[in-house]
Each structure stands twice: as C-alpha cells, then as structure tokens.
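According to full-length UniProt numbering, the sequence shown holds residues 1 to 121 in order.
Let me begin by presenting the structure, written as structure tokens, before commenting on it.
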Amino acid sequence: MAISGGDNGRFRQQHRHRGGIFLSVLLFFSLTSCLLLLVLEDERLTSDFTIRTTNLYQAKIMKELFLMDYYSKDSELASTGKRTYNKGTLSYEESNEKVIIIVKMKNGYYRFEEKVMDKKE
1 MAISGGDNGR
11 FRQQHRHRGG
21 IFLSVLLFFS
31 LTSCLLLLVL
41 EDERLTSDFT
51 IRTTNLYQAK
61 IMKELFLMDY
71 YSKDSELAST
81 GKRTYNKGTL
91 SYEESNEKVI
101 IIVKMKNGYY
111 RFEEKVMDKK
121 E
C-alpha cells in the first residue's frame, strides 16, 4: 500500500509554476533592458560620429577656401594671419616649406599642415 503525504497533484503543479513564471518574467525584463541599452548606446555612437564627421568636413572646407585664396595669382597674404568664417576662425603661419593651418570651431580645433607649392603653378 502506498502512503499519501497529504498533498494532491494539483498543489504541487501550482507551486512548481510560480517559481518558473517569476524567473521567466525576471529574465524577460533583464533581456529587454540589455537590448534597450545596446540600442541607446548604438544611437549615441552614431550621432557622435555624425557630429564629429560634420565638424571635420567643415574644417576641411575652410582650409580649402583659404588655400584657394593663398594660391591665387593676385593674392598677397602675410606670412601669418587670421580669417573668420561663419563656422569658425582659421589662423595660418608659414614655416620652412609648410603652411600650418589651425581651424578653431565651437566644438574644438583642427590642425593641418600643407606643403607650400610655388604660387606660380
């Protein structure tokens, strides 16, 4: 004869599922939180990269505008000077066979070195 422990099968099943549901919900929230953090971090990195790239290209455009004036035939620029553009200021200095160009913008500065070519070319 089998001796009963006093509990029926239904009580054992409910007790077993309570822990499983709690752990499942906890796992669901932790996975959702991790995915949200990954998406937010990716968005932040993408926007930061976009801003840095835009600023770099704006500085390069200022440099190229200056070099167009620098190498123009009827331009007589001093060996050092400063130019103001709508996105920042550009200062330049001739040293040896190079022109050192520093572009200062709202978010930082960029330094370029250009080899001086003959202005007659």
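Cβ atoms here follow ideal geometry from the backbone N, Cα and C, with glycine treated the same way.
- In this chain, the beta strand (DSSP E) harbouring leucine 90 covers 88 to 95.
- Around the C-beta of glycine 88, 16 or more other C-beta atoms lie within 10 Å, and the residue is accordingly described as buried.
- Annotation for tyrosine 109: the continuous beta strand (DSSP E) segment containing it runs 108 to 115.
- At least 8 Å separates the beta-carbon of glutamate 93 from that of threonine 84.
- Every beta strand (DSSP E) of 3 residues or more that sits fully in the region 41 to 93 is shown, in chain order, as 80 to 85.
- In the pairwise beta carbon analysis, the region 98 to 113 is classified as touching the region 46 to 63: at least three pairs are separated by under 8 Å.
- By the Cβ criterion, the region 64 to 83 is not in contact with the region 29 to 36, since fewer than three pairs of Cβ atoms, one from each stretch, lie closer than 8 Å.
- In its chain, beyond the 5 residues on either side, Asn107 have a beta carbon closer than 8 Å to the beta carbon of isoleucine 51.
- The beta-carbon separation of lysine 63 and phenylalanine 112, rounded to 5 Å, stays under the 8 Å limit for a contact.
- Annotated three-state conformation of valine 103 is strand, per DSSP.
- Sequence-distant partners of lysine 98 (beyond 5 residues in either direction) whose C-beta falls short of 8 Å from its own C-beta, in its chain, are Glu113, Glu114, Lys115, Val116.
- For asparagine 86, the closest alpha carbon among the candidates Ser24, Asp48, Leu37, Asn55 is that of Asn55.
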